[in-house]
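S.K.: Residues 1 to 218 (UniProt numbering) are what the sequence shown spells out, left to right. Ideal Cβ positions, reconstructed from N, Cα and C, are used throughout, including at glycine.
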Amino acid sequence: MKSFSLLIKPASADCNLRCQYCFYIDHLKIAENHPRMSENILDSMIEGYLQTNQNNNYAFGWQGGEPTLMGLKFFKKVVELQTKHAPPNAVISNGLQTNGTLITNEMAEFFAEYKFLLGVSLDGPEHLHDFYRKTISRKPTHSLVLRGINRLKKYNVEFNILTLINNNTVKKASEIYQYLKSQGFFYHQYIPCVEFDEKGKPKPFSITGADWGDFLCD
Numbered sequence: 001m002k003s004f005s006l007l008i009k010p011a012s013a014d015c016n017l018r019c020q021y022c023f024y025i026d027h028l029k030i031a032e033n034h035p036r037m038s039e040n041i042l043d044s045m046i047e048g049y050l051q052t053n054q055n056n057n058y059a060f061g062w063q064g065g066e067p068t069l070m071g072l073k074f075f076k077k078v079v080e081l082q083t084k085h086a087p088p089n090a091v092i093s094n095g096l097q098t099n100g101t102l103i104t105n106e107m108a109e110f111f112a113e114y115k116f117l118l119g120v121s122l123d124g125p126e127h128l129h130d131f132y133r134k135t136i137s138r139k140p141t142h143s144l145v146l147r148g149i150n151r152l153k154k155y156n157v158e159f160n161i162l163t164l165i166n167n168n169t170v171k172k173a174s175e176i177y178q179y180l181k182s183q184g185f186f187y188h189q190y191i192p193c194v195e196f197d198e199k200g201k202p203k204p205f206s207i208t209g210a211d212w213g214d215f216l217c218d
């Protein structure tokens, strides 16, 4: 069997934000009941994965929606079950992609202790980030993200920045890069925003291949 990692969405599409370009935005009915992974399913999944042959390297990726909606108690259970079911000499890693707005000091301390690698979504300076990334009540989120990042820094949590490049930011490569650099963020991921409507036409916030190429070369 070839090695593989797990990508888990314990809160499904549920999220505390309503980013306009989110690929889940047209399918949020699946999250109306706030689905949550049960402890039984979590236990079964972790045990099953740790029984596979991965050359003793096991990688868990936690995404969403927003996985921190599960709360700290859930991730403590994750580590407990990983420890319980781990084969001898297993190396287990956990990565978590988050919007950063729900990170508490307690979470940050936990992520540091158990060496979680976090990806935090931040689309650049305030006026660019807040253009599409808003709360359910349409309030800006930039300051909330920086609050979460500062808590990660406080406990020396390893993290990188994920920036989605959309129609509003694709001409702002230098501004975005210089801003992230000025904040002391040196691990950046840039992802092109490409979403289509039901007729197969690009949505307004999408960018073209040519736009993306220009962004990378800027």
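(1) For residue 227, which residues in the same chain have their Cβ closer than 6 Å to its Cβ, ignoring the five residues on either side in sequence?
(2) Whole angstroms are fine: how far does the CA of Trp212 sit from the CA of Val194?
(3) Could you pull the start and end residues of the alpha helix (DSSP H) that Ile41 belongs to?
(4) To the nearest whole angstrom, what separates the beta carbons of Leu50 and Pro87, a pair I think is in contact under 8 Å?
(5) Along the chain, where does the alpha helix (DSSP H) containing Phe116 start, and where does it finish?
(6) Apart from the five residues on each side of it in sequence, which residues of its chain come closer than 8 Å, Cβ to Cβ, to Arg138?
(7) Thinking C-beta only, is Thr68 closer than 8 Å to Asp123?
(8) Is Val145 buried or exposed, if buried means 16 or more other CB atoms sit within 10 Å of its CB?
(9) Does the separation of the CB atoms of Ile8 and Trp62 fall below 8 Å?
(10) To the nearest angstrom, how far is the alpha carbon of Gly64 from that of Phe131?
(11) Quick check: Thr101 and Asn16, are their CB atoms within less than 8 Å of each other?
(12) Would you call Gln54 buried or exposed, if buried means 16 or more other Cβ atoms sit within 10 Å of its Cβ?
(13) Would you mind reading off the limits of the alpha helix (DSSP H) that contains Asn33?
(14) State the Cα-Cα distance for the pair residue 220 and Phe196, rounded to the nearest angstrom.
(15) Can you tell me whether DSSP reads Ala173 as helix, strand or coil?
(16) Whole angstroms are fine: how far does the CA of Lys201 sit from the CA of Phe23?
(17) Assign Val157 to one of three DSSP states: helix, strand, or coil.
(18) Give me, in chain order, the residues of the same chain whose beta-carbon lies closer than 8 Å to that of Ile204; leave out the 5 immediate sequence neighbours on both sides.
(19) Taking only the alpha-carbon atoms, compute the straight-line gap between Asn33 and Asp14 and give it to the nearest angstrom.
(20) Mapping DSSP to helix, strand and coil, what is Ile149?
M.R.: From the atom records:
(1) Nothing about residue 227 can be reported from this structure: the residues present for the chain run from 1 to 218 only.
(2) Their Cα atoms are separated by approximately 10 Å.
(3) 39-50
(4) 6 Å
(5) Neither: Phe116 is in no alpha helix (DSSP H) and is coded neither H nor E.
(6) Arg18
(7) In this structure, Asp123 lies away from Thr68, with their beta-carbon atoms at least 8 Å apart.
(8) buried
(9) For Ile8 and Trp62, yes; Cβs fall inside 8 Å.
(10) 21 Å
(11) Yes; because the gap between Cβ atoms is below 8 Å, this pair is in contact.
(12) buried
(13) First-last for Asn33: undefined, no H or E at that position.
(14) Shown here, the chain extends from 1 to 218; a query on residue 220 therefore has no answer.
(15) Secondary structure of Ala173 (DSSP, three-state): helix.
(16) 14 Å
(17) In the three-state scheme derived from DSSP, where H, G and I count as helix and E and B as strand, Val157 is classed as coil.
(18) One detail in the question is off: residue 204 reads as Pro in this sequence, not Ile. For Pro204, where only same-chain residues beyond five positions count, the Cβ hits under 8 Å are Asn167.
(19) Between Asn33 and Asp14, the alpha-carbon positions lie close to 9 Å from each other.
(20) helix
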